[in-house]
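Participant:
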Amino acid sequence: MSVIKRIAVLTSGGDAPGMNAAIRAVTRCALAQDWDVLGVRRGYAGLVEGEVEPLSGRTVSNIMQRGGTMLGSARCPEFETEGTRREALHRLKENRVDALVVIGGNGSQAGALALAEMGVPVAGVASTIDNDLAGSEITIGVDTALNIALEAIDRLKTTASSHQRAFLIEVMGRKCGYLALMAGLAGGAELVVIPERATSPEEVARQLRAAYERGKKHAVAVIAEGALHNAAKLDIWFREHSAQIGFDLRTTTLGHVQRGGTPTAFDRLLGARLGAGAVAAPARGEKGILVGLNVGHVITTPLAEVAGVRKVIDPELFQLASVLEQ
Ligand code: F6P
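Residues 379 to 704 in my numbering are what the sequence shown lists, from first letter to last.
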């Protein structure tokens, strides 16, 4: 039997398209259990400042199709200190919060684990465009970010072909190459450069040149922002070696455009399912867990096993990319 009367929900770290669907699901599923729901503004920063407000079925109406997060989000490095966490604990007690839902990525779930270890019944929801969080095969926002990157690649390829140019296209992902690899695979790139595999500028130049030698009209390399040689470094190297390169090269960094705008159907559904899971878990007495997806099913994993643990990229996908890019 659940003793929960009031639940709070926050979104933390980088926003991700689909977070609103998760907030809506948490709110409506909690209301269906007859629990009160509090929304915390600006993630852990807002929690520490006591920025909470009641959420109703109506306050979360008409938000699913919107990007970003209706609650706001923030990076909160101070949350790594014990004093700040104690302040958060105090705020949760002050507001009579019986369970907390943390929608966010790796850093946010590390904060969630710290609160869980202080006795707060926490349910994390796997949400980051980087897809670097263990405990969920895919996280909220990845599908939208990938589709935005893909559209950019498709567009850049047409201008690249017209001018017989090479393009370096940098995508986000922090220290994880998932977005770059998947965007490269789906976008038919000639090369993918990811943090998990060091690729020298000479090798990038060699592979792009080889694409022209195979008769291609363009050569596109998708570069992960966390790669040893990111797009900015490669761009400098190509400028310095332009005399020997033999082809024209341009660089585009997609940046935050990948995080903005309307979530795809997949991210809305994922947000809805994981948000619902984050209410179901504490209702059946589970605490200190991350709600994620595994082979299409909503699962929970102890935060202690996943927070701060980086997901490993499937080497077969990298191998597939190197065959298909020929
Ligand atoms: O973690 C999501 C992410 O978009 C990363 O891909 C990127 O490195 C980082 O956040 C950017 O952070 P900020 O929005 O704080 O500049």
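Idealized CB from N, CA, C, for every residue including glycine.
1) When you compare the CB positions of L511 and V684, do they come within less than 8 Å of one another, or not?
2) One question on the structure: do V475 and I385 come within less than 8 Å of each other, judged by their Cβ atoms?
3) Report the CB separation of A466 from R646 in whole angstroms; it is logged as a contact under 8 Å.
4) List the residues that DSSP assigns as beta-bridge partners of R628.
5) Roughly how many angstroms lie between the CA atoms of P693 and G497, to the nearest whole one?
6) Can you tell me the Cα-Cα spacing of E456 and G417, whole angstroms?
7) Buried or exposed for E581, please, with buried defined as at least 16 other CB atoms from any protein chain shown within 10 angstroms of its CB.
8) So which of G666, G633, G489 and P641 has the shortest CA-CA distance to V426?
9) Taking DSSP as the reference, what is the three-state secondary structure of G446?
10) Run the CB neighbour count on V381, radius 10 Å, all protein chains shown included, and call it buried at 16 or more, exposed below.
11) Could you name the residues, in chain order, whose CB is less than 7 Å away from a heavy atom belonging to the ligand F6P?
12) The beta strand (DSSP E) that contains N398, what's its start and end?
13) Go through its chain and collect everything with a Cβ distance to T437's Cβ below 6 Å, but skip five positions before and after it.
Facilitator: A quick look at the data gives this:
1) yes
2) Cβ distance < 8 Å, so V475 and I385 count as in contact.
3) Actually they are not in contact, since the Cβ atoms of A466 and R646 sit about 29 Å apart, beyond 8 Å.
4) F545, per the DSSP bridge assignment.
5) 39 Å
6) For E456 and G417, the distance between alpha carbons rounds to 21 Å.
7) exposed
8) Comparing Cα positions, the closest option is G489.
9) coil
10) exposed
11) G391, G392, R453, G483, T506, I507, D508, M550, G551, R552, E603, H634 and R637
12) Note, N398: premise wrong, no beta strand (DSSP E); alpha helix (DSSP H) at M397 to A410.
13) none
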